[in-house]
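The structure appears right after this line, and notes come after that.
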Amino acid sequence: MRLFDGDKLVLASHNAGKLREIGALLAPFGVEVISAGDLGFDEPEETEDTFAGNARIKAHYAAQKSGLPALSDDSGIMVDALDGAPGVYTADWAETANGRDFPMAMEKVWNLLDAKNAPSPRVARFCCTFCLAWPDGHDEVFEGTVEGHLEWPMRGDLGFGFDPIFVPNGETQTFAEMDPSKKHAMSHRSDAFSKFVKGPFSGRA
Ligand SMILES: O=P(O)(O)OP(=O)(O)OP(=O)(O)OC[C@H]1O[C@@H](n2cnc3c(O)ncnc32)[C@H](O)[C@@H]1O
Ligand SMILES: [Mg+2]
Numbered sequence: 060m061r062l063f064d065g066d067k068l069v070l071a072s073h074n075a076g077k078l079r080e081i082g083a084l085l086a087p088f089g090v091e092v093i094s095a096g097d098l099g100f101d102e103p104e105e106t107e108d109t110f111a112g113n114a115r116i117k118a119h120y121a122a123q124k125s126g127l128p129a130l131s132d133d134s135g136i137m138v139d140a141l142d143g144a145p146g147v148y149t150a151d152w153a154e155t156a157n158g159r160d161f162p163m164a165m166e167k168v169w170n171l172l173d174a175k176n177a178p179s180p181r182v183a184r185f186c187c188t189f190c191l192a193w194p195d196g197h198d199e200v201f202e203g204t205v206e207g208h209l210e211w212p213m214r215g216d217l218g219f220g221f222d223p224i225f226v227p228n229g230e231t232q233t234f235a236e237m238d239p240s241k242k243h244a245m246s247h248r249s250d251a252f253s254k255f256v257k258g259p260f261s262g263r264a
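Residue 102 in the numbering used here is what sits at position 43 of the sequence shown, and the numbering runs on without skipping anything.
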């Protein structure tokens with residue numbers, strides 16, 4: 060049985076970094092991928108306070124509009140000494156009147172940690188929740204994490220978002236210094252993707 064009619068999947072994200080990474084993860088599966096932006100879809104409001112809740116909003120919105128299965132990614136960074144912030148609100152912390160400013164958001168996180176005299180290592184984890192939604196309204200959710208800590212100053216210009224200050228456990232490079240294939244091997248996104256592959260994509264690689 061084919062899981063997707065025409066093997067076409069909408070990626071319900073407007074984040075170029077995520078689209079690049081999910082596209083690379085999906086590449087071996089022979090699925091035709093089209094992004095919500097390519098289809099001219101706007102971004103639904105992310106009104107939930109959980110990764111799964113917002114992932115569901117984005118995936119269902121794209122599945123309903125396109126009539127195709129849609130895969131969304133809601134993600135963020137949780138810092139232990141900030142009680143899990145910015146978490147679900149990671150993108151919001153970067154919002155300015157002129158668009159998103161991630162260096163500013165990273166500096167804000169670091170300054171808050173300094174203000175609290177948070178000890179080192181400043182433990183943090185990236186979380187990623189995928190939602191695969193079908194036009195008939197059902198969905199599946201897959202969650203992934205990667206543990207690590209934050210370092211300052213920012214290092215590296217690969218990756219996106221908070222990558223320049225996140226060092227995964229057992230590594231010395233930030234995600235932004237790593238070759239993308241190395242980040243793929245250990246990231247929260249690849250952790251969620253491995254569960255996705257064991258589900259709907261089982262046996263297809
Ligand atoms: O909602 P979509 O359109 O998918 O794109 P977004 O950028 O708004 O994505 P989120 O709402 O999920 O916000 C999560 C933010 O967390 C950050 N983030 C998520 N995964 C990351 C990663 O692998 N590396 C660095 N930062 C990441 C990134 O800055 C995102 O903007
Ligand atoms: Mg978003």
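Here a beta-carbon is modelled for each residue, glycine too, at the ideal position from N, C-alpha and C.
Residues of its chain near residue i, where Cβ-Cβ distance is below 6 Å and the 5 sequence neighbours each way are ignored
i      : result
Asn113 : Glu105, Glu107, Asp133
Trp169 : Trp211
Met60  : Since pLDDT at Met60 reaches only 34, below the 50 mark, its modelled position is unreliable, and the value read off the structure follows with that caveat. Cβ neighbours of Met60 beyond the five flanking positions: none.
Leu62  : Low confidence applies to Leu62: its pLDDT is 47, below 50, so where it sits in the model is not reliable enough to give any reading.
Lys67  : Glu91, Leu127
Pro145 : Trp152
Phe255 : Phe189, Phe201
Gly218 : Phe234, Ala235
For residue j and residue i, believed in contact at Cβ under 8 Å, the rounded distance
i      : j      : result
Arg220 : Thr233 : The residue you asked about is not Arg; residue 220 is Gly in the sequence shown. So it is not a contact: roughly 12 Å between Cβ atoms.
Thr149 : Ile136 : 5 Å
Gly196 : Val226 : About 41 Å separates the two Cβ atoms, so there is no contact after all.
Ala192 : Pro103 : Wrong, their Cβ atoms sit about 12 Å apart, outside the cutoff.
Leu130 : Ala71  : 6 Å
Asp238 : Arg115 : At roughly 33 Å, the Cβ-Cβ gap does not stay under 8 Å, so Asp238 and Arg115 are not in contact.
Ala95  : Pro194 : Their Cβ separation, rounded to whole angstroms, is 14 Å, which puts Ala95 and Pro194 out of contact at 8 Å.
Where residue i falls, given that 16 or more other Cβ within 10 Å makes a residue buried
i      : result
Arg184 : buried
Arg248 : buried
Ala251 : buried
Glu80  : buried
Thr109 : exposed
Asn74  : buried
Thr231 : exposed
Asp222 : buried
Met163 : exposed
Lys77  : buried
Lys117 : buried
Lys242 : buried
Ser246 : buried
Close-in-space but distant-in-sequence residues of the same chain around residue i (CB under 7 Å, 5 per side omitted)
i      : result
Gly82  : Val92
Val182 : Asp139, His208
Ser125 : Val69, Leu98
Close beta carbons around residue i, own chain, < 8 Å, minus the five adjacent residues each side
i      : result
Ala111 : Asp133, Thr188, Cys190, Val200, Glu202
Lys167 : Trp152
For residue i, the first and last residue of its enclosing beta strand (DSSP E)
i      : result
Glu202 : 198-209
Arg214 : Where Arg214 is concerned, there is no enclosing beta strand (DSSP E), given that its DSSP letter is neither H nor E.
Phe189 : 181-192
Ser131 : 129-138
Limits of the alpha helix (DSSP H) - the one that residue i falls within
i      : result
Ile81  : 75-85
Ser94  : Where Ser94 is concerned, there is no enclosing alpha helix (DSSP H), although the beta strand (DSSP E) it sits in stretches over 91-94.
Thr233 : Segment: none, Thr233 is in no alpha helix (DSSP H) and carries neither H nor E.
Lys167 : 161-174
Val69  : Where Val69 is concerned, there is no enclosing alpha helix (DSSP H), although the beta strand (DSSP E) it sits in stretches over 67-70.
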